[in-house]
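Undergrad: Quick note, the sequence shown lines up with residues -18 to -1, 1 to 363 if you use mature numbering (1 follows the signal peptide of the UniProt record, and there is no 0).
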Amino acid sequence: LMVYFFLFSCDVMSGTSSAETYVVSFLCFEMFCSFTQKYPPVKFLSEKDRKRILITGGAGFVGSHLTDKLMMDGHEVTVVDNFFTGRKRNVEHWIGHENFELINHDVVEPLYIEVDQIYHLASPASPPNYMYNPIKTLKTNTIGTLNMLGLAKRVGARLLLASTSEVYGDPEVHPQNEDYWGHVNPIGPRACYDEGKRVAETMCYAYMKQEGVEVRVARIFNTFGPRMHMNDGRVVSNFILQALQGEPLTGSGNCLNLFLLFYSDLVNGLVALMNSNVSSPVNLGNPEEHTILEFAQLIKKLVGSGSEIQFLSEAQDDPQKRKPDIRKAKLLLGWEPVVPLEEGLNKAIHYFRKELEYQANNQYIPKPKPARMKKGRTRHN
């Protein structure tokens, strides 16, 4: 095909000026790229149905999967990311598509574009990442949210805030429904994220009441799946990575409970919420309960690992139990998780295996983040 275009351009260029030669050559190259570039299948939407959608943090774990869904649904998607935890690899399969744009930008700085919907996902979400630079985490969740709300106000867009179950802190009520105010330590090591998201929610409803901005707030519980960072310090990535490498599975307390949501269920919930008439906060999580020990044993079985299981002391302010009450999402959105835990874990394990192969070829072997211990205690690997 390339030879054909070369011969075609040479034939056309004979007897033309240098400027014409350049234009024809460029057009031939563009035609060649359009024939050879492969994208996932994209649905066609008419102009009236196609939306211009901005996703902040769109190159991250959840954001990139949301990008995939909205692109394949036929919308025009602009991804904004500063690549602190996001990766270009997560969205590179869309680069060059006419409906896709990738902008390297920090939401702490204002952004001026025309959009119909804003999914505001920008923020580090795992404890090691948001504790790495707590002031930056606070700025992203406060100033960044303020900038996105200002953009929504200027262009008349609807904004969905990706909030978190962390707004409930270490809850004293189980399960947590959306009316629970939470139990949060405002000066603890997790406060930069917990309180940052709580302020972000406050900002959303201030803009809704004072300026008439349409807002949606999703309180997202623990989510897992492909494109998670392998060394983000969360229990799913730690256990899978340790099992694949034949290392001991280290977790905090065998009595702690896990409630894990697969990424595709979350993405469907976010889209359903954005396009609903529900302006109050909505929990998106999986109420199915597993202990850390049960989860570790399941990982060992699926990986086929002989790793031993070790339990470490709990980190400061780690919640003992955080179980979502999703009755509101079921009733108002018709949403609930559908992917079984084992099915989701198999997909995550397959992804991590591939990542390990990729990293090995590049002479880099990631290590799980050590469990965070209370001050004064020794850390264990």
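Where is the CB? At the ideal position from N, CA and C, for every residue including glycine.
Note that the structure is predicted; figures quoted are calculated from it, not measured.
Cβ atoms of A134 and I95: under 8 Å apart, would you say?
TA: Not closer than 8 Å, so no.
Undergrad: Going residue by residue through the stretch 74 to 108, where are the continuous beta strand (DSSP E) segments of at least 3 residues, counting only ones entirely within it?
TA: 82 to 86 and 99 to 102
Undergrad: Three Cβ pairs or more, each shorter than 8 Å: is that satisfied between the stretch 65 to 72 and the stretch 36 to 43?
TA: yes
Undergrad: Examine the ligand ZN and report whether any of its heavy atoms sits within less than 7 Å of the Cβ of L131.
TA: Here there are no bound small molecules, and the ligand ZN is not part of this structure.
Undergrad: Taking the alpha-carbon positions, what's the T60 to Q292 distance?
TA: 44 Å
Undergrad: Exposed or buried, what is A173 when buried is set at 16 or more other beta-carbons lying within 10 Å of its beta-carbon?
TA: Flag for A173 reads buried.
Undergrad: Looking at C-alpha atoms only, which residue of L93, V90 and V73 is the closest neighbour of L84?
TA: Comparing alpha-carbon positions, the option among L93, V90 and V73 lying closest to L84 turns out to be V73.
Undergrad: Pull up the distance between the alpha-carbon of N86 and that of V24, whole angstroms please.
TA: 24 Å
Undergrad: Looking at P269 and residue 375, is the spacing between their C-beta atoms short of 8 Å?
TA: With the chain represented from -18 up to 363, any question about residue 375 goes unanswered, as that position is not in the structure.
Undergrad: What separation, rounded to the nearest whole angstrom, lies between the Cα atoms of K282 and F241?
TA: For K282 and F241, the distance between alpha carbons rounds to 18 Å.
Undergrad: Could you give the distance in angstroms between the alpha-carbon of S108 and the alpha-carbon of G215?
TA: 7 Å
Undergrad: Mind checking who F206 pairs with in its DSSP beta bridge?
TA: F244.
Undergrad: Between which two residues does the alpha helix (DSSP H) carrying residue 385 extend?
TA: Lying outside -18 to 363, the shown extent of the chain, residue 385 is not represented and no answer is given.
Undergrad: Where does F293 fall in DSSP's three states?
TA: strand
Undergrad: Under a three-way DSSP split, which group does T232 fall into?
TA: Judged by DSSP in its simplified three-state form, T232 adopts strand.
Undergrad: DSSP three-state call for I222: helix, strand or coil?
TA: helix
Undergrad: Work out the CA separation of T124 and V181 for me, nearest whole Å.
TA: 7 Å
Undergrad: Taking the C-alpha atoms as reference points, what is the distance between V166 and K121?
TA: 19 Å
Undergrad: For N344, does the three-state DSSP call read helix, strand or coil?
TA: coil
Undergrad: Locate the beta strand (DSSP E) running through E193, then write down its first and last residues.
TA: Where E193 is concerned, there is no enclosing beta strand (DSSP E), although the alpha helix (DSSP H) it sits in stretches over A173 to E193.
Undergrad: In whole angstroms, give me the CA-to-CA distance for K118 and D55.
TA: K118 and D55 have their C-alpha atoms some 34 Å from each other.
Undergrad: Over the uninterrupted beta strand (DSSP E) stretch that includes E160, give me the two end residues.
TA: Boundaries for E160: no beta strand (DSSP E) harbours it, and the DSSP string shows neither H nor E there.
Undergrad: Tell me, to the nearest whole angstrom, how far the beta carbon of R140 is from that of E196; I am working on the premise that it is less than 8 Å.
TA: 4 Å
Undergrad: Quick one: using the 10 Å Cβ neighbour count with 16 as the cut-off for buried, is G233 buried or exposed?
TA: buried
Undergrad: Quick one, are the C-beta atoms of A225 and V149 less than 8 Å apart?
TA: For A225 and V149, no; Cβs fall outside 8 Å.
Undergrad: Which value, in whole angstroms, describes the spacing of the CA atoms of L131 and M190?
TA: Their Cα atoms are separated by approximately 9 Å.
Undergrad: Where does Y340 land, buried or exposed, given buried means 16+ other C-beta within 10 angstroms?
TA: exposed
Undergrad: Looking at P319: is its Cβ nearer than 8 Å to the Cβ of D247?
TA: yes
Undergrad: By Cβ distance, which residues of its chain are closer than 7 Å to K329, with the 5 residues on each side in sequence left out?
TA: G207 and P208
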